[in-house]
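S.K.: As given, the protein sequences belong to chains A and B, one line each in that order.
Heads up, the first sequence is in numbering that gives the first Met the number 0, so the first residue is 0 and it goes up one at a time.
Heads up, the second sequence is in numbering that gives the first Met the number 0, so the first residue is 0 and it goes up one at a time.
Right, I'll just put the structure down here and ask away after.
2 protein chains.
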Amino acid sequence: MIEVAVDTKTKILDAAEKLFGNKGFDATSLRDITAGADVNLAAVNYHFQTKESLIDAVIARRLEPVNRRRLEMLTAAGPNATVEQLVEAFVLPVVQQDISSILPMMGRAFASPDPFLLRIFKRNLIPIADRFCEAFMVALPQLSPEECRWRLLFAAGSMAQTLSWSQLVGEITRGVCDATDREAVTDRLVRFVAAGFRASDVREGHA
Amino acid sequence: MIEVAVDTKTKILDAAEKLFGNKGFDATSLRDITAGADVNLAAVNYHFQTKESLIDAVIARRLEPVNRRRLEMLTAAGPNATVEQLVEAFVLPVVQQDISSILPMMGRAFASPDPFLLRIFKRNLIPIADRFCEAFMVALPQLSPEECRWRLLFAAGSMAQTLSWSQLVGEITRGVCDATDREAVTDRLVRFVAAGFRASDVREGHA
DNA sequence: GTCTATAACGGGATAGAC
DNA sequence: GTCTATCCCGTTATAGAC
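Printed below as a string of structure tokens:
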């Protein structure tokens with residue numbers, strides 16, 4: 000493991016990512032970031048102008064490769080893809096980030112009411128959602144387009160919440176669950192979501 | 000519809016709830032709240048001491064009846080409850096709030112990294128999760144306790160995210176989905192989650 | 001490109017009159 | 001219980017020397 004010299008811009012992005020992940024965007028001040036990056040306070044404004052564009056840069060740095068990978072996996076799965084393969088193409092690239100500190104941040108950004116964050120997510124996620132809905136409609140032809148969209152939302156919710164809670168699941172579940180084995184968690188998530196997608200489109204009688 | 004005089008404390012709670020739901024906790028200042036409630040700035044400190052305990056009060060006012068209703072429905076479903084009945088007991092009381100502005104707020108509070116909000120949720124939700132896990136284990140005896148906990152987390156994630164996005168689904172899905180018919184959305188959500196709970200506990204071979 | 005110093009502002013909370 | 005006025009702090013962002 001060789002530590003190479005990193006430029007100021009990258010040091011800021013790294014520190015910001017970590018802090019945003021741990022404390023959220025609002026609770027993290029530029030002073031926190033520059034202290035963590037061991038750079039001067041003014042450097043962040045020099046390189047990123049405003050806090051908002053710093054947030055944008057932090058998210059884009061991770062989300063763009065994720066979405067590239069998602070589309071790669073979607074294409075690789077081909078037109079006869081199984082539901083599991085599609086769910087994996089949606090979920091795996093997010094979970095397999097090499098920097099785990101980004102995961103809670105991405106999960107949380109999903110849920111933010113901030114119109115600025117909303118713009119970022121609409122820009123980055125709506126095209127992806129379109130592509131995946133098409134693919135799910137092929138794999139599950141009996142699904143209406145509306146139901147398909149809803150299920151993708153539910154799936155994204157499960158994933159996002161799991162990510163944003165990843166550091167807390169032990170505490171929340173009284174130690175029963177452990178999120179450190181990310182592969183196992185992903186496997187559980189994929190199975191849950193795939194089964195949800197396969198649910199009957201009409202309401203079954205119950206009780 | 001008769002407007003009765005409300006006391007200052009309730010006016011503050013109502014205004015805070017609305018603003019927290021629309022803008023989030025951080026972005027809402029006490030000045031926003033007192034302006035919206037048409038009360039004096041100092042009144043909030045007089046009645047609630049700090050902003051944090053105001054947040055606590057706002058959440059508790061809605062969450063406590065929800066959890067009471069959840070346990071009622073759980074009890075009413077009895078020991079032979081179906082998976083759908085259990086999921087409904089978990090989801091319906093949240094969705095059927097008479098004040099829709101609270102829904103995004105509750106969904107979002109789920110995802111917050113704030114240790115203060117975390118405390119609130121651990122206090123309010125862990126006992127509920129315990130009770131529901133017991134019930135799901137009865138309805139699905141082949142499920143391991145760990146898998147059961149994970150699935151409850153996934154389910155909570157779907158629900159929370161759906162709530163926090165409820166005002167945006169139209170925009171996000173290019174108009175394909177409409178969240179205003181809450182009953183229909185709940186129905187879709189229950190079906191998705193129940194199917195996820197029923198998924199096989201072991202990984203099937205795929206591709 | 002990097003630093004120090006500071007401007008300009010908005011926030012939560014409080015003192016004290018009424 | 002309710003008000004006005006204010007304190008005090010941390011924040012983002014910038015000006016200007018190096």
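A virtual CB, placed ideally from N, CA and C, is assigned to each residue, including glycine.
Measuring only the C-alpha atoms, how far is residue 117 of chain A from residue 124 of chain A?
M.R.: On the first sequence, position 118 is the one that residue 117 of chain A refers to. On the first sequence, position 125 is the one that residue 124 of chain A refers to. Approximately 10 Å, taken between the alpha carbons.
S.K.: So with CB distances below 8 Å, who are the chain B contacts of residue 101 of chain A?
M.R.: Position 102 of the first sequence, counted from the first residue, corresponds to residue 101 of chain A. Here the premise fails: no neighbours, minimum Cβ distance about 13 Å.
S.K.: Measuring CA to CA, which of A/29, A/42 and A/155 is closest to residue 6 of chain A?
M.R.: The residue given as residue 6 of chain A occupies position 7 in the first sequence. The candidate whose alpha carbon is nearest that of residue 6 of chain A is A/42.
S.K.: Going by beta carbon distance, what residues of the same chain come within less than 6 Å of residue 104 of chain A, once the five residues before and after it are set aside?
M.R.: The residue labelled residue 104 of chain A in the question sits at position 105 within the first sequence. Only 19 and 20 meet the Cβ criterion.
S.K.: So residue 108 of chain A is in the alpha helix (DSSP H); what residue range does that whole segment cover?
M.R.: The sequence position of residue 108 of chain A within the first sequence is 109, counting from 1. Residues 101 to 110.
S.K.: Taking the CB atoms as reference points, tell me whether residue 154 of chain B and residue 86 of chain B lie closer together than 8 Å.
M.R.: On the second sequence, residue 154 of chain B is found 155 positions in, with the first residue counted as 1. On the second sequence, residue 86 of chain B is found 87 positions in, with the first residue counted as 1. Against a cut-off of 8 Å, the Cβ pair of residue 86 of chain B and residue 154 of chain B comes out as a contact.
S.K.: Report buried or exposed for residue 28 of chain B, applying the criterion of at least 16 other Cβ atoms within 10 angstroms of its Cβ.
M.R.: Translated into positions along the second sequence, residue 28 of chain B becomes position 29. The residue is exposed, with fewer than 16 neighbouring Cβ atoms inside 10 Å.
S.K.: My understanding is that residue 23 of chain A touches residue 107 of chain A, with C-beta atoms under 8 Å, so please give their C-beta distance in whole angstroms.
M.R.: Here residue 23 of chain A refers to the residue found at position 24 of the first sequence. Here residue 107 of chain A refers to the residue found at position 108 of the first sequence. The C-beta separation of residue 23 of chain A from residue 107 of chain A comes to about 6 Å, placing the pair in contact by the 8 Å criterion.
S.K.: Are residue 173 of chain A and residue 149 of chain B close, meaning C-beta to C-beta below 8 Å?
M.R.: Taking the first sequence and counting its residues from 1, one reaches residue 173 of chain A at position 174. Taking the second sequence and counting its residues from 1, one reaches residue 149 of chain B at position 150. Taking 8 Å as the Cβ cut-off, residue 173 of chain A and residue 149 of chain B do not qualify as a contacting pair.
S.K.: I'd like to know if residue 161 of chain B contacts chain A, where contact means its C-beta is closer than 8 Å to some C-beta of that chain.
M.R.: Position 162 of the second sequence, counted from the start, is the residue given in the question as residue 161 of chain B. Output row for residue 161 of chain B: interface = yes.
S.K.: For the segment 80 to 94 of chain A against the segment 131 to 147 of chain A, are there 3 or more C-beta pairs whose distance is under 8 Å?
M.R.: yes
S.K.: For the alpha helix (DSSP H) holding residue 149 of chain B, just list the boundary residues, first then last.
M.R.: By one-based count along the second sequence, residue 149 of chain B stands at place 150. Residues 144 to 163.
S.K.: Alpha carbon to alpha carbon, what distance is there between residue 77 of chain B and residue 121 of chain A?
M.R.: Looking up residue 121 of chain A in the first sequence gives position 122. Looking up residue 77 of chain B in the second sequence gives position 78. When rounded, the separation of the alpha-carbon atoms in residue 121 of chain A and residue 77 of chain B is 43 Å.
S.K.: Mind listing the chain A neighbours of residue 157 of chain B? Cutoff is C-beta to C-beta under 7 Å, in chain order.
M.R.: Here residue 157 of chain B refers to the residue found at position 158 when the second sequence is read from its first residue. Chain A residues near residue 157 of chain B: 153, 156 and 157.
S.K.: Can you tell me whether residue 95 of chain B is buried or exposed, with buried defined as 16 or more other CB within 10 angstroms of its CB?
M.R.: Reading the second sequence from its first residue, position 96 is the one you call residue 95 of chain B. That one is exposed.
S.K.: With a threshold of 16 other CB atoms inside 10 Å of the CB of residue 30 of chain A, please say whether the residue is buried or exposed.
M.R.: For the purposes of this step, residue 30 of chain A is taken as residue 31 along the first sequence, with counting starting at 1. Around the CB of residue 30 of chain A, fewer than 16 other CB atoms lie within 10 Å, so the residue is classed as exposed.
S.K.: May I have the straight-line CA-CA distance separating residue 127 of chain A from residue 8 of chain B, to the nearest angstrom?
M.R.: One-based indexing of the first sequence puts residue 127 of chain A at position 128. One-based indexing of the second sequence puts residue 8 of chain B at position 9. Roughly 46 Å separates the two Cα atoms.
S.K.: In angstroms, rounded to a whole number, what distance separates the CA positions of residue 158 of chain B and residue 54 of chain A?
M.R.: Residue mapping note: residue 158 of chain B aligns to position 159 of the second sequence, counting from 1. Residue mapping note: residue 54 of chain A aligns to position 55 of the first sequence, counting from 1. Approximately 27 Å, taken between the alpha carbons.
S.K.: I'd like to know whether the C-beta atoms of residue 69 of chain B and residue 89 of chain B end up nearer to each other than 8 Å.
M.R.: Counting from one through the second sequence, the residue named residue 69 of chain B turns up at place 70. Counting from one through the second sequence, the residue named residue 89 of chain B turns up at place 90. Yes, these two residues count as a Cβ contact at 8 Å.
S.K.: Quick check on residue 132 of chain A: does DSSP put it in helix, strand or coil?
M.R.: Within the first sequence, residue 132 of chain A is the residue found at index 133, counting from 1. DSSP places residue 132 of chain A in helix when its eight states are reduced to three.
S.K.: So, does the CB of residue 21 of chain B fall closer than 8 Å to a CB anywhere in chain A?
M.R.: In the second sequence, counting from the first residue as 1, residue 21 of chain B sits at position 22. For residue 21 of chain B, the answer is yes, since a Cβ of chain A falls inside 8 Å of its Cβ.
S.K.: I need the DSSP call for residue 84 of chain A, collapsed to helix, strand or coil.
M.R.: For the purposes of this step, residue 84 of chain A is identified with residue 85 of the first sequence, where counting begins at 1. Looking at residue 84 of chain A - three-state DSSP - the assignment turns out to be helix.
S.K.: Run the CB neighbour count on residue 205 of chain A, radius 10 Å, all protein chains shown included, and call it buried at 16 or more, exposed below.
M.R.: Locating residue 205 of chain A in the first sequence gives position 206, counting from the first residue. Model confidence at residue 205 of chain A stands at a pLDDT of 43, short of 50, so the residue's coordinates are unreliable and nothing is read from them.
S.K.: Apart from the five residues on each side of it in sequence, which residues of its chain come closer than 8 Å, Cβ to Cβ, to residue 249 of chain B?
M.R.: Within the shown structure, residues of chain B are numbered from 0 to 206, placing residue 249 of chain B beyond reach of any answer.
S.K.: Given residue 193 of chain B, which residues of its chain have a CB within under 6 Å of its CB, disregarding the five upstream and five downstream residues?
M.R.: Counted from its first residue, the second sequence places residue 193 of chain B at position 194. The answer, listed in chain order, is 82, 83 and 86.
S.K.: Considering just the uninterrupted stretch of the alpha helix (DSSP H) at residue 7 of chain B, what are its terminal residues?
M.R.: Reading the second sequence from its first residue, position 8 is the one you call residue 7 of chain B. Residues 7 to 22.
S.K.: Does residue 206 of chain B come within less than 8 Å of chain A when only Cβ atoms are used?
M.R.: Translated into the one-based positions of the second sequence, residue 206 of chain B becomes position 207. Residue placement at residue 206 of chain B is poorly supported in this model, since its pLDDT is 39, which falls under 50; the coordinates are not used for a value here.
S.K.: Which bits of chain B does residue 175 of chain A rub up against, with CB to CB less than 7 Å?
M.R.: Within the first sequence, residue 175 of chain A is the residue found at index 176, counting from 1. Under the 7 Å cutoff, chain B gives 144, 145 and 148.
S.K.: Nearest-angstrom Cα distance between residue 151 of chain B and residue 170 of chain A?
M.R.: For this step, residue 151 of chain B is matched to residue 152 along the second sequence. For this step, residue 170 of chain A is matched to residue 171 along the first sequence. Straight-line Cα distance between these residues: approximately 15 Å.
S.K.: Any idea if residue 74 of chain B is buried or exposed, counting beta-carbon neighbours within 10 angstroms, 16 or more meaning buried?
M.R.: Within the second sequence, the letter at position 75 stands for residue 74 of chain B. Residue 74 of chain B is exposed by the Cβ-count criterion.
S.K.: Can you give me the C-alpha to C-alpha distance between residue 62 of chain B and residue 38 of chain A, rounded to a whole angstrom?
M.R.: As a working note, residue 62 of chain B is residue 63 in the second sequence. As a working note, residue 38 of chain A is residue 39 in the first sequence. Approximately 44 Å, taken between the alpha carbons.
S.K.: Taking the continuous alpha helix (DSSP H) assigned at residue 55 of chain A, which residues delimit it?
M.R.: By one-based count along the first sequence, residue 55 of chain A stands at place 56. Unbroken alpha helix (DSSP H) run through residue 55 of chain A: 50 to 76.
S.K.: Output yes if chain A places a C-beta closer than 8 Å to the C-beta of residue 68 of chain B; else output no.
M.R.: For the purposes of this step, residue 68 of chain B is taken as residue 69 along the second sequence, with counting starting at 1. Chain A contact via Cβ: absent.
S.K.: Here's a check: name, in chain order, each residue in its chain whose Cβ is nearer than 6 Å to the Cβ of residue 64 of chain A, leaving out the five neighbours to either side.
M.R.: Along the first sequence, one-based indexing puts residue 64 of chain A at 65. Within the same chain, residue 64 of chain A has no close Cβ partners at all.
S.K.: Name the chain B residues that come within less than 7 Å of residue 106 of chain A, Cβ to Cβ?
M.R.: Start at 1 with the first residue of the first sequence, and residue 106 of chain A comes out as number 107. Going along chain B in sequence order, the residues near residue 106 of chain A (Cβ under 7 Å) are 110.
S.K.: Does any CB atom of chain B fall closer than 8 Å to the CB of residue 58 of chain A?
M.R.: In the first sequence, residue 58 of chain A corresponds to position 59, counting from 1. By this cut-off, residue 58 of chain A is not an interface position.
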